[in-house]
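Heads up: the sequence lines are chains A and B, in that order.
Quick note on our numbering: the first sequence kicks off at 24 and runs consecutively.
Quick note on our numbering: the second sequence kicks off at 56 and runs consecutively.
Each residue gets a CB set at the ideal place from its N, CA and C atoms; glycine is no exception.
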Amino acid sequence: MNAMNAMNDMNAMNAENTPPARGQGLSWAECSARERLAAFVDEGSFHEWLPPAARLSSPHLALLGVPAAFDDGVAIGRATLGGHAVFVAAQEGEFMGGGVGEVHGAKLTGLLQRALRDRPAAVLLLAESGGVRLHEANAGLIAVSEVMRAVLALRVAGIPVLALIGGANGCFGGMGIVAACCDRVILSDIGRHAMSGPEVIEASHGVDEFDARDRALVWRTTGGKHRWLCGDATALVEDDVAAFRAAALHWLAAPRALDLATLEVEHALLADRLQRCPPGAEAPPLWAALGVPDAARVPDLDADELRQRRPALDLIRQGGF
Amino acid sequence: MLWQDLCTALFGAEHAVQADGDFICGEARLDGRPITVFGSTNHAAVGVELALRQARVVLDTVAAHPGRPLLLLVDTQGQALRRRDELLGIHRAMAHLGSCVELARRQGHPVLGLVYDQALSGGFITSGLIADACDALPEAEIRVMRIPAMARVTKIAEDRLQALSADNPVFAPGVGNYVAMGGVRRLWDAQAPGGLAQALRDALADLPLQDERARLGAERGGRRLAASVIDRVLAAP
Chain A
24 MNAMNAMNDM NAMNAENTPP ARGQGLSWAE CSARERLAAF VDEGSFHEWL PPAARLSSPH
84 LALLGVPAAF DDGVAIGRAT LGGHAVFVAA QEGEFMGGGV GEVHGAKLTG LLQRALRDRP
144 AAVLLLAESG GVRLHEANAG LIAVSEVMRA VLALRVAGIP VLALIGGANG CFGGMGIVAA
204 CCDRVILSDI GRHAMSGPEV IEASHGVDEF DARDRALVWR TTGGKHRWLC GDATALVEDD
264 VAAFRAAALH WLAAPRALDL ATLEVEHALL ADRLQRCPPG AEAPPLWAAL GVPDAARVPD
324 LDADELRQRR PALDLIRQGG F
Chain B
56 MLWQDLCTAL FGAEHAVQAD GDFICGEARL DGRPITVFGS TNHAAVGVEL ALRQARVVLD
116 TVAAHPGRPL LLLVDTQGQA LRRRDELLGI HRAMAHLGSC VELARRQGHP VLGLVYDQAL
176 SGGFITSGLI ADACDALPEA EIRVMRIPAM ARVTKIAEDR LQALSADNPV FAPGVGNYVA
236 MGGVRRLWDA QAPGGLAQAL RDALADLPLQ DERARLGAER GGRRLAASVI DRVLAAP
């Protein structure tokens with residue numbers, strides 16, 4: 024628990040004279056996947072499928088002599104959230120950067136396919152991943168595409184899938200695409216959601232293209248505030264488990280249709296952004312072009328102040344997330 | 056193979072498929088039946104713009120031509136590695152393309168992917184790998200990364216990776232490995248009776264309605280665990 028959150032916690036208690044919300048004051052980013060999961064769902068409600076005791080680890084890592092994990096870096100199961108029956112998965116960023124290998128991916132696909140069969144109220148993906156695990160590259164790539172198809176199948180069936188992103192490793196690569204296929208994306212202001220990591224882009228096109236050590240640049244290009252302002256996230260929350268929990272509960276029963284009309288709006292939103300975006304790759308001119316007031320000040324604002332500034336574009340209001 | 060030669064082999068000279076930069080699109084006919092052909096060429100880096108152009112083709116086909124098959128021609132070096140594309144939300148544009156293909160599938164459009172040249176990582180996930188099935192020409196190249204790059208990233212000696220890849224398709228590039236793992240359904244044989252046109256006819260005739268890749272990977276021995284892990288999750292108490 025960091026000092027500021029602890030203070031908020033106490034203020035909340037004093038102000039309302041009620042016990043703190045579940046997970047309040049607990050940093051989402053600082054939690055391990057299992058800590059996050061345990062504090063996020065209703066207390067004691069997580070029932071894990073293929074737990075570490077099943078010793079299901081990656082045979083490919085073993086062949087390479089790389090340490091494996093008995094859950095292959097992801098915990099899956101059922102739980103309740105505010106009393107609603109949900110399926111959950113939490114990726115562990117500390118293990119292979121949350122990278123998706125054959126077993127890890129199959130656990131996610133199995134969970135999603137089971138949701139199609141058992142129809143829980145929602146599926147919650149506590150995503151933290153660099154994408155395909157390069158140690159088992161080919162299998163990881165196919166696995167990610169299987170996860171993606173399984174998510175889309177749930178969309179079609181009207182079972183909401185929510186991606187929750189706020190871990191230190193962000194959500195990138197194939198998992199970045201998967202999260203963007205979900206019904207809703209809940210992102211913290213310190214979370215990052217993108218495709219290629221800045222290091223990969225710098226390695227490919229040089230430091231002038233993307234200086235991966237410039238943290239401010241990294242966050243205004245891929246961070247939670249930017250994504251939320253552009254309409255790429257449903258909710259922008261503080262780095263706090265209770266905030267994620269509240270947002271997930273709020274959006275739990277709000278699926279996004281996958282039909283022609285919805286996808287036409289999505290298309291219009293993305294095409295409009297591409298057309299509005301001034302030359303270059305800087306965020307503030309794009310924010311200004313989208314109608315964000317005082318765009319230059321955005322990086323200094325906290326999440327609460329920022330929520331007032333989302334552009335009132337019809338496309339962002341109607342569309343997508 | 057050049058996309059022009061491929062299209063001529065598939066449809067004769069009468070097709071209307073054209074390239075505009077890295078983007079390929081147009082209508083063709085197989086046995087008189089119209090098909091929407093789209094995809095990329097020049098080992099395209101798929102950025103926001105190219106993803107949206109492809110999505111547009113899918114949406115237009117769904118809106119105007121119910122049930123018409125879609126043939127997705129794959130030649131990509133992967134996603135565009137540009138800061139501007141990240142700023143613009145390339146992950147969302149690629150997810151949108153995938154969602155459009157899913158919509159087409161659900162509306163009864165057969166969707167076939169064909170890797171005719173090169174397929175890499177992010178560009179492949181939202182093209183061939185999102186189709187009902189993805190086939191390939193035997194000379195196609197498919198990978199996430201080459202062995203030397205993989206050795207650098209994983210800090211594992213190149214010769215060791217090379218040796219492991221001799222009998223484990225997970226590690227090494229190659230279209231045959233993707234067949235063994237179920238990611239590619241089958242390779243087309245231009246020398247077989249009927250040539251590539253017959254291969255296309257056959258491919259469209261038996262597209263799976265469900266994602267069969269994990270099962271194929273298990274049957275072919277290239278991806279032994281995925282299907283059984285999925286089954287175990289489905290059966291877990």
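In terms of residue numbering, what span does the alpha helix (DSSP H) encompassing residue i cover?
{"i": "glutamine 136 of chain A", "result": "125 to 141"}
{"i": "cysteine 253 of chain A", "result": "247 to 253"}
{"i": "glutamine 109 of chain B", "result": "103 to 119"}
{"i": "threonine 63 of chain B", "result": "58 to 66"}
{"i": "isoleucine 188 of chain A", "result": "No alpha helix (DSSP H) holds isoleucine 188 of chain A; the beta strand (DSSP E) holding it covers 184 to 188."}
{"i": "glutamate 58 of chain A", "result": "56 to 63"}
{"i": "glycine 272 of chain B", "result": "268 to 275"}
Which bits of chain B does residue i rub up against, with CB to CB less than 9 Å?
{"i": "aspartate 212 of chain A", "result": "The contacting residues do not exist; aspartate 212 of chain A stays about 17 Å from chain B at best."}
{"i": "leucine 79 of chain A", "result": "Leu280, Val284 and Arg287"}
{"i": "phenylalanine 233 of chain A", "result": "Leu136, Arg137, Arg138 and Glu141"}
{"i": "glutamate 287 of chain A", "result": "Leu114 and Ala118"}
Take the Cβ of residue i as the centre, count every other Cβ of all protein chains shown within 10 Å, and call the residue buried at 16 or more, exposed below.
{"i": "threonine 91 of chain B", "result": "buried"}
{"i": "threonine 257 of chain A", "result": "buried"}
{"i": "alanine 85 of chain A", "result": "exposed"}
{"i": "glycine 128 of chain A", "result": "buried"}
{"i": "glycine 154 of chain A", "result": "buried"}
{"i": "glycine 181 of chain A", "result": "exposed"}
{"i": "valine 230 of chain A", "result": "exposed"}
{"i": "proline 183 of chain A", "result": "buried"}
{"i": "valine 295 of chain B", "result": "Residue 295 of chain B lies beyond the stretch modelled for chain B, which goes from 56 to 292, so this question has no answer here."}
{"i": "aspartate 266 of chain B", "result": "buried"}
{"i": "glycine 168 of chain B", "result": "buried"}
{"i": "leucine 280 of chain B", "result": "buried"}
{"i": "proline 221 of chain A", "result": "buried"}
{"i": "threonine 245 of chain A", "result": "buried"}
Within the same chain, show all residues whose beta-carbon is closer than 8 Å to that of residue i, passing over the 5 residues directly before and after it, in chain order.
{"i": "alanine 269 of chain A", "result": "Ala44 and Val260"}
{"i": "proline 346 of chain A", "result": "Residue coverage of chain A in this structure runs from 24 to 344, which leaves residue 346 of chain A outside it and unanswerable."}
{"i": "methionine 30 of chain A", "result": "Residue confidence is low: methionine 30 of chain A scores 41 on pLDDT, short of 50, so the model does not pin down where it sits. Its coordinate-derived value is still stated next. Taken in chain order, the list of residues that qualify is empty."}
Near residue i, which residues of its chain fall below 6 Å by C-beta distance, leaving aside the five closest residues on each side in sequence?
{"i": "glycine 124 of chain A", "result": "Ser81, Arg156, Glu159 and Gly163"}
{"i": "glycine 193 of chain A", "result": "Arg215"}
{"i": "glycine 277 of chain B", "result": "Pro224, Ala235 and Met236"}
{"i": "proline 292 of chain B", "result": "none"}
{"i": "alanine 64 of chain B", "result": "Leu251"}
{"i": "tryptophan 251 of chain A", "result": "Leu259"}
{"i": "arginine 275 of chain B", "result": "Ala235"}
{"i": "alanine 282 of chain B", "result": "Ala269, Arg270 and Ala273"}
Near residue i, what residues of its chain come up, given a Cβ to Cβ distance below 7 Å and the 5 sequence neighbours on each side ignored?
{"i": "aspartate 295 of chain A", "result": "Leu338"}
{"i": "tryptophan 243 of chain B", "result": "Asp190, Leu192, Leu251 and Ala254"}
{"i": "methionine 171 of chain A", "result": "Ile200, Val201 and Cys204"}
{"i": "arginine 340 of chain A", "result": "none"}
{"i": "arginine 268 of chain B", "result": "Gly237 and Gly238"}
{"i": "leucine 60 of chain A", "result": "Phe69, Ala98, Val111, Ala113 and Leu149"}
Check the DSSP bridge columns for residue i and list the partner residues they point to.
{"i": "arginine 215 of chain A", "result": "A/Gly246"}
{"i": "tryptophan 72 of chain A", "result": "A/Ile99"}
{"i": "histidine 107 of chain A", "result": "A/Leu104"}
{"i": "arginine 207 of chain B", "result": "None; arginine 207 of chain B has no bridge partner."}
{"i": "glutamine 114 of chain A", "result": "A/Val97"}
{"i": "leucine 167 of chain B", "result": "B/Leu126 and B/Ala188"}
{"i": "serine 152 of chain A", "result": "A/Cys194"}
Span of the beta strand (DSSP E) holding residue i?
{"i": "leucine 157 of chain A", "result": "Counting along the chain, leucine 157 of chain A falls outside any beta strand (DSSP E), and DSSP gives it neither H nor E."}
{"i": "isoleucine 79 of chain B", "result": "78 to 85"}
{"i": "cysteine 300 of chain A", "result": "Where cysteine 300 of chain A is concerned, there is no enclosing beta strand (DSSP E), given that its DSSP letter is neither H nor E."}
{"i": "glutamine 73 of chain B", "result": "73 to 75"}
{"i": "leucine 336 of chain A", "result": "Neither: leucine 336 of chain A is in no beta strand (DSSP E) and is coded neither H nor E."}
{"i": "serine 95 of chain B", "result": "88 to 95"}
At a Cβ threshold of 8 Å, is residue i touching chain D?
{"i": "arginine 241 of chain B", "result": "The structure shown contains no chain D; its protein chains are A and B."}
Which bits of chain A does residue i rub up against, with CB to CB less than 7 Å?
{"i": "arginine 266 of chain B", "result": "The sequence given here places aspartate at residue 266 of chain B; arginine does not occur at that position. Per Cβ cutoff of 7 Å: Glu169 and Arg172."}
Which chain B residues sit within Cβ distance under 7 Å of residue i?
{"i": "glutamine 136 of chain A", "result": "Ile285 and Leu289"}
{"i": "proline 183 of chain A", "result": "None at all; the shortest Cβ gap to chain B is about 15 Å."}
{"i": "threonine 245 of chain A", "result": "Glu141"}
Find the residues of chain A that neighbour residue i, judging by a C-beta separation of less than 9 Å, and give them in chain order.
{"i": "phenylalanine 179 of chain B", "result": "Leu164 and Ser168"}
{"i": "asparagine 232 of chain B", "result": "Asn161"}
{"i": "cysteine 62 of chain B", "result": "Within 9 Å Cβ-Cβ: nothing; cysteine 62 of chain B doesn't reach chain A, min ~26 Å."}
Does the beta-carbon of residue i, which I'm using as the reference point, lie nearer than 7 Å to any heavy atom of the ligand ZN?
{"i": "glycine 237 of chain B", "result": "What this structure holds is no ligand at all, so the ligand ZN is not there to describe."}
Residues of chain B with a CB under 8 Å from the CB of residue i: which are they?
{"i": "glycine 133 of chain A", "result": "Val284, Ile285, Asp286, Arg287, Val288 and Leu289"}
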